[in-house]
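Colleague: The sequence shown begins at 590 in the numbering used here and counts up by one.
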Amino acid sequence: MKIATIFKKGVLIVRVEGELDMHSAHEFRQTIDDALDSNEAKHIVLNFNGVDFIDSSGLGVILGRYKRVSLLKGQMVATHIQPQVARIFELAGLYKIIKVCNNETEALAFL
């Protein structure tokens, strides 16, 4: 898994490639938490353009980061969700709590 983080307009953008599963969930969690700890972002944009699989561990990490930004009165937005990941999001009910945008520009405009 590859994870890149950048900050734009006070928003943490996380670009992910690979599988978000039990083998990569810890790295994903740690990378986001470290980025949030070192900056003052309260919103997160998750760019899933390169993600083709998420399991329950990945869902748990996403939910944990959602709870963290919610405590800061922030929001989480997801972009570029691939069809196979979209199905998992739907089954898990993530669309009820996470806004989905077509791209990072749209997500930043929303936030």
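Each residue gets a CB set at the ideal place from its N, CA and C atoms; glycine is no exception.
Since this is a predicted model, take the numbers as computed values, not measurements.
Per the DSSP calculation, V634 is bridged to which residue(s)?
Modeller: Working through the sequence shown from its first residue, we reach residue 634 at position 45. In DSSP, V634 forms a bridge with I602 and V666.
Colleague: So, A667 versus I687, is the Cβ gap smaller than 7 Å?
Modeller: Mapped onto the sequence shown, residue 667 falls at position 78. Mapped onto the sequence shown, residue 687 falls at position 98. Judged by beta-carbon spacing, I687 lies within the 7 Å limit of A667, meaning their Cβ atoms are closer than that value.
Colleague: Leaving out five residues on either side along the sequence, give the residues of the same chain with a beta carbon under 8 Å from the beta carbon of A630.
Modeller: On the sequence shown, residue 630 is found 41 positions in, with the first residue counted as 1. So the qualifying residues of the chain are F596, G599, V600, L601, A624 and G663.
Colleague: Apply the 10 Å Cβ neighbour rule to K636 and answer buried if 16 or more other Cβ atoms are within range, or exposed otherwise.
Modeller: For the purposes of this step, residue 636 is taken as residue 47 along the sequence shown, with counting starting at 1. Here residue 636 is Asn; the residue named in the question, Lys, does not match the sequence. Classification of N636: buried, given that the 10 Å Cβ count is 16 or more.
Colleague: To which residues of the same chain is T620 closer than 7 Å at the C-beta, ignoring the five residues directly before and after it?
Modeller: Position 31 of the sequence shown, counted from the start, is the residue given in the question as residue 620. So the list reads I592 and T594, once near-sequence residues are dropped.
Colleague: Suppose you measure from the CA of L660 to the CA of C690; what does that come to, to the nearest Å?
Modeller: Working through the sequence shown from its first residue, we reach residue 660 at position 71. Working through the sequence shown from its first residue, we reach residue 690 at position 101. Each residue's Cα considered, the two are about 22 Å apart.
Colleague: Excluding the 5 residues preceding and the 5 following A696 in the sequence, name in chain order all residues of the same chain whose CB lies nearer than 7 Å to its CB.
Modeller: Locating residue 696 in the sequence shown gives position 107, counting from the first residue. Excluding residues within five positions, the ones whose Cβ falls inside 7 Å are V634, V666, T668 and C690.
Colleague: So, using beta-carbon positions, are L609 and G647 closer together than 7 Å?
Modeller: Walking along the sequence shown from the start, residue 609 turns up at place 20. Walking along the sequence shown from the start, residue 647 turns up at place 58. Closer than 7 Å, so yes.
Colleague: What would DSSP say about I621, mapped onto helix, strand or coil?
Modeller: If you number the sequence shown from 1, residue 621 lands on position 32. The answer is helix: DSSP assigns I621 an H, G or I state.
Colleague: For the beta strand (DSSP E) that I592 lies in, which residues bound it at each end?
Modeller: Taking the sequence shown and counting its residues from 1, one reaches residue 592 at position 3. Here the beta strand (DSSP E) through I592 covers K591 to K597.
Colleague: With a 10 Å radius around its C-beta and 16 neighbouring C-beta atoms as the bar for buried, classify H612 as buried or exposed.
Modeller: Position 23 of the sequence shown, counted from the first residue, corresponds to residue 612. Classification of H612: exposed, given that the 10 Å Cβ count is below 16.
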